[in-house]
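Trainee: Order-wise, the sequence lines are chains A and B.
Using our numbering, the letters of the first sequence map in sequence onto residues 1 to 106.
Using our numbering, the letters of the second sequence map in sequence onto residues 1 to 106.
Ideal Cβ positions, reconstructed from N, Cα and C, are used throughout, including at glycine.
Next up is a structure, given as structure tokens.
Protein chains: 2
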Amino acid sequence: MKKGLTEICYKFFNNLANPTRLATLEKLMEKPMSVTELAAALGQEQSMISHNLKPLLKCNFVFIEKQGKKSIYSANQETIGTLFKAVEVHAEKYCPTGGKCLKEAN
Amino acid sequence: MKKGLTEICYKFFNNLANPTRLATLEKLMEKPMSVTELAAALGQEQSMISHNLKPLLKCNFVFIEKQGKKSIYSANQETIGTLFKAVEVHAEKYCPTGGKCLKEAN
DNA sequence: TATTCATATGAATTATAATTCATTTGATAG
DNA sequence: CTATCAAATGAATTATAATTCATATGAATA
Numbered sequence: 001m002k003k004g005l006t007e008i009c010y011k012f013f014n015n016l017a018n019p020t021r022l023a024t025l026e027k028l029m030e031k032p033m034s035v036t037e038l039a040a041a042l043g044q045e046q047s048m049i050s051h052n053l054k055p056l057l058k059c060n061f062v063f064i065e066k067q068g069k070k071s072i073y074s075a076n077q078e079t080i081g082t083l084f085k086a087v088e089v090h091a092e093k094y095c096p097t098g099g100k101c102l103k104e105a106n
Numbered sequence: 001m002k003k004g005l006t007e008i009c010y011k012f013f014n015n016l017a018n019p020t021r022l023a024t025l026e027k028l029m030e031k032p033m034s035v036t037e038l039a040a041a042l043g044q045e046q047s048m049i050s051h052n053l054k055p056l057l058k059c060n061f062v063f064i065e066k067q068g069k070k071s072i073y074s075a076n077q078e079t080i081g082t083l084f085k086a087v088e089v090h091a092e093k094y095c096p097t098g099g100k101c102l103k104e105a106n
């Protein structure tokens, strides 16, 4: 691991460590969507989706394409796909309780 | 991505979204160490290292082996290696400023 | 079995991030 | 050019997490 990558990693994982952003990414992995569509699909306020898309966009976890007054967002399939896969692999091998541990207090 | 993995992902990334824990993992990727050694290597208080090792251990990002009064921690090379590599690959392709964006305000 | 070393824990404080609500900007259509 | 729809922004509030400090546990040794 190169020097300084810890800092990048922090920003990187911090960006992903949010339920709204993860749900947004999960939706966008299915297909590109507008902000309004995302808000409807996730049952969240439009402003909240916008706020959360911003950091995802900044780190290129999602891409934007403006279509008239709409902004169509799409997921970075390469990066997000790799990460979700990595979590899946880890969980399968190292979370024998199937996420039961998540319910407990820290 | 399986149903319910969003929740697991949240816990997963949340666990990694911390500078102390990332620095700890980076150190442990080099070689197994005791809590005291880690504290010295990172210039942090022992209690802080212990506090931060706890969630890493819980998700099996690190492993523990007790040697007398010492606790020797080691990294889960498989998972952490994969993740760090993924960040590296992403950063190389999608962070053209070389992390310069990290300095700016959100 | 008292003492020391290593680690873990609890609880309070401090710092950081998420969410909401009001408002603004930008684009298109009437 | 003004009304409407879509998205973005700002600022205040609320929620979460990190850090510190004091203390407790547990193992080894004199």
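1) Measuring straight from C-alpha to C-alpha, what distance separates Ser34 of chain B and Ala41 of chain B?
2) Measuring only between beta-carbons, confirm whether Asn14 of chain B sits less than 8 Å from chain A.
3) Assuming Gln46 of chain A is part of the alpha helix (DSSP H), what are its boundary residues?
4) Among A:Phe61, A:Glu30 and A:Lys93, which one has its Cα closest to the Cα of Lys93 of chain B?
5) Which residues bound the beta strand (DSSP E) around Lys66 of chain B?
6) What are the boundary residues of the alpha helix (DSSP H) that Lys27 of chain B is part of?
7) Here's a check: name, in chain order, each residue in its chain whose Cβ is nearer than 8 Å to the Cβ of Ala39 of chain B, leaving out the five neighbours to either side.
8) Output yes or no for whether 8 Å exceeds the beta carbon distance between Asn52 of chain B and Asn18 of chain B.
9) Whole angstroms is fine: what's the gap from Ile8 of chain B's alpha carbon to Val87 of chain A's?
10) Judging by CA-CA distance, which residue of A:Lys11, A:Met29 and A:Thr6 is the nearest neighbour of Lys85 of chain A?
11) Near Phe12 of chain B, what residues of its chain come up, given a Cβ to Cβ distance below 8 Å and the 5 sequence neighbours on each side ignored?
12) Give the residues from the stretch 23-42 of chain A that approach chain B closer than 8 Å (Cβ to any Cβ), ordered along the chain.
13) Is Ile80 of chain A buried or exposed, if buried means 16 or more other CB atoms sit within 10 Å of its CB?
14) Taking the alpha carbon of Glu37 of chain A as the point to measure from, which residue in A:Leu57, A:Ser74 and A:Leu16 has its own alpha carbon closest?
15) Taking Thr20 of chain B as the reference, which of A:Tyr10, A:Val89, A:His90 and A:Ile64 has the closest Cα?
16) Quick check on this structure: which residue in A:Glu65, A:Lys54 and A:His90 has the alpha carbon closest to the alpha carbon of Pro32 of chain A?
17) Please report the distance separating the alpha-carbon of Gly43 of chain B from that of Ala23 of chain B.
18) How about Ala75 of chain B: is its C-beta nearer than 8 Å to some C-beta of chain A?
19) Taking 8 Å as the threshold (C-beta atoms), are Asn14 of chain A and Leu56 of chain A in contact?
Mentor: Here's the rundown:
1) Distance between the alpha carbons of Ser34 of chain B and Ala41 of chain B: 10 Å.
2) Asn14 of chain B counts as touching chain A.
3) Gln46 to Lys58
4) It is A:Phe61 whose Cα lies nearest to the Cα of Lys93 of chain B.
5) Element bounds for Lys66 of chain B: Val62 to Gln67.
6) Pro19 to Glu30
7) Once the five neighbours on either side are set aside, the close Cβ partners of Ala39 of chain B are Glu45, Gln46, Met48 and Ile49.
8) Yes; because the gap between Cβ atoms is below 8 Å, this pair is in contact.
9) 8 Å
10) A:Met29
11) Cys59
12) Ala23, Glu26 and Met29
13) buried
14) A:Ser74
15) Selected option, being the one with the closest Cα: A:Tyr10.
16) A:Glu65
17) 11 Å
18) Chain A, which has no Cβ nearer than 8 Å to the Cβ of Ala75 of chain B, makes this no.
19) no
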